[in-house]
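Just below is one structure, and these are the notes that go with it.
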Amino acid sequence: MFSLRPLKGVGTFAHFKPYRSNIAIQTRRFFFSKRTTDVPAIYKPRQEPWMNPTMIVIGFIPFFTFALGTWQLYRLQWKVALIDELEEKLHLQPLSLPPKINLSAIPEFVFRKVSLKGKWDHAHSMLFVPRVREGVHGAHVITPLLRENGSTVLVDRGFVSNDFISSYLREEGDVEVLGMLRTSQPRNSFTPDNHPEEGLWYWTDVDAMAEYAGGEGAGVQPVYIEQIFEGHAGEAETRLSKGIPIGRAPTIDLRNAHLSYVITWFALSGFTAFMFARVLVHKKRFSSRRLPRFN
């Protein structure tokens, strides 16, 4: 018969041990030994260059914009000096134009006041369109002036509103004109072509205008003068309501935006330099924190 009493010296589950495979034990020992002895040979930190083509381009921008700012600074100094020179010319006594004008000397006398006498050649008048004066739309009237004992020149008599384009005042007889010597103005890509056959002009082409007025054969020289109006606002309003051309003010109207360009380029240079330095520092820190890679 079988006895239910436990064997002597053997406690229940006291000496039970789970079975372990010799293969698993050997494998574990192998990997632990490799991990502790061969780490330098298996892993190494990832090394990547912080300077690449993108960083080179970003680093070039601050130098390029700084150079542009420096160039605009020189342009600003040149433009200020030019305006000062023209202001001095404008305050000199008006010149009397010679009978035959030396065309090569005209650029030296731009913005100089000139005085001349003669008669208007209304048959060859031209219109500069469109023009705006204090919110009123209209045109400028350009009429050749037949000078006494001299060549014919072109005079921009001033602004008339659209209501008087066909009926503006046409003075007869001798007139005396105080004006400012000017030259042809550059044409931009949005300006339409002139239409001499209709007497309509969109930009100042002095040579073509002189040919329209009769050319060299008729004694017309390509000399362009803008008539000056020195009256007060009330007088200008009266002339406008009666169709009498209103001349230009005796001021220098050269555009000078170089200061804004200087500020823009230098600000852009400083901003891009700061961003480049920030990206550079971040890139170096990030590369040093990268996880090692398996070789």
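Position in the sequence shown (from 1) plus 2 gives the number in the working numbering.
We treat Cβ as the ideally placed atom computed from N, Cα and C, and that holds for glycine.
Residue i and residue j closer than 8 Å at C-beta
i: Lys81; j: Asn258; result: yes
i: Ser169; j: Gly236; result: no
i: Ile227; j: Met182; result: yes
i: Gly160; j: Val143; result: yes
i: Val131; j: Tyr204; result: yes
i: Asp123; j: Ala215; result: yes
i: Pro64; j: Phe268; result: no
i: Phe231; j: Ala220; result: no
i: Asn164; j: Gly137; result: no
i: Val179; j: Gln229; result: yes
Strand pairing of residue i, partner residues [DSSP]
i: Asp158; result: Ile144 and Glu228
i: Glu178; result: Lys119
i: Glu197; result: Per the sequence presented here, residue 197 reads as His, with Glu not at that position. Paired residues: Leu202.
i: Arg135; result: Val138
i: Leu129; result: Val143 and Leu202
i: Val222; result: Thr154
i: Arg250; result: Ile230
i: Leu171; result: The partner list for Leu171 (beta bridge, DSSP) is empty, contrary to what the question assumes.
i: Ser243; result: Ser243 pairs with nothing; no bridge assigned.
i: Arg184; result: Tyr226
i: Ser98; result: Ser117
Pairwise C-alpha distance: residue j and residue i
i: Val155; j: Leu78; result: 34 Å
i: Arg114; j: His93; result: 8 Å
i: Gly339; j: Thr67; result: No answer is possible for residue 339: it lies beyond the span of the chain, which begins at 3 and ends at 297.
i: Val41; j: Leu270; result: At Val41, the pLDDT of 48 sits below 50, so the modelled position is not reliable and the matter cannot be decided from this model.
i: Leu261; j: Asp86; result: 16 Å
i: Phe192; j: Asp207; result: 16 Å
i: Leu105; j: Ala251; result: 25 Å
i: Leu118; j: Asp195; result: 31 Å
i: Phe111; j: Ile265; result: 33 Å
i: Arg241; j: Gly249; result: 10 Å
i: Glu90; j: Val59; result: 47 Å
i: Asp209; j: Pro224; result: 5 Å
i: Ala83; j: Arg133; result: 30 Å
i: Asn151; j: Pro100; result: 9 Å
i: Gly233; j: Val177; result: 17 Å
i: Pro96; j: Val116; result: 5 Å
i: Phe166; j: Asp158; result: 16 Å
i: Leu202; j: Gly217; result: 18 Å
i: His197; j: Thr185; result: 20 Å
i: Lys285; j: Leu70; result: 28 Å
i: Ala2; j: Trp73; result: Residue 2 lies beyond the stretch modelled for the chain, which goes from 3 to 297, so this question has no answer here.
i: Thr56; j: Phe273; result: 17 Å
i: Glu174; j: Tyr263; result: 49 Å
Cβ-based burial, residue i [other Cβ within 10 Å; buried from 16]
i: Asp255; result: exposed
i: Asn54; result: exposed
i: Pro188; result: exposed
i: Ile103; result: buried
i: Arg287; result: exposed
i: Ser243; result: exposed
i: Ser98; result: exposed
i: Val222; result: buried
i: Arg37; result: Since pLDDT at Arg37 reaches only 49, below the 50 mark, its modelled position is unreliable, and no value is offered.
i: Thr145; result: buried
i: Leu129; result: buried
i: Leu171; result: exposed
i: Arg149; result: buried
Residue i beta carbon near the ligand FMN (any heavy atom closer than 7 Å)
i: Ile60; result: What this structure holds is no ligand at all, so the ligand FMN is not there to describe.
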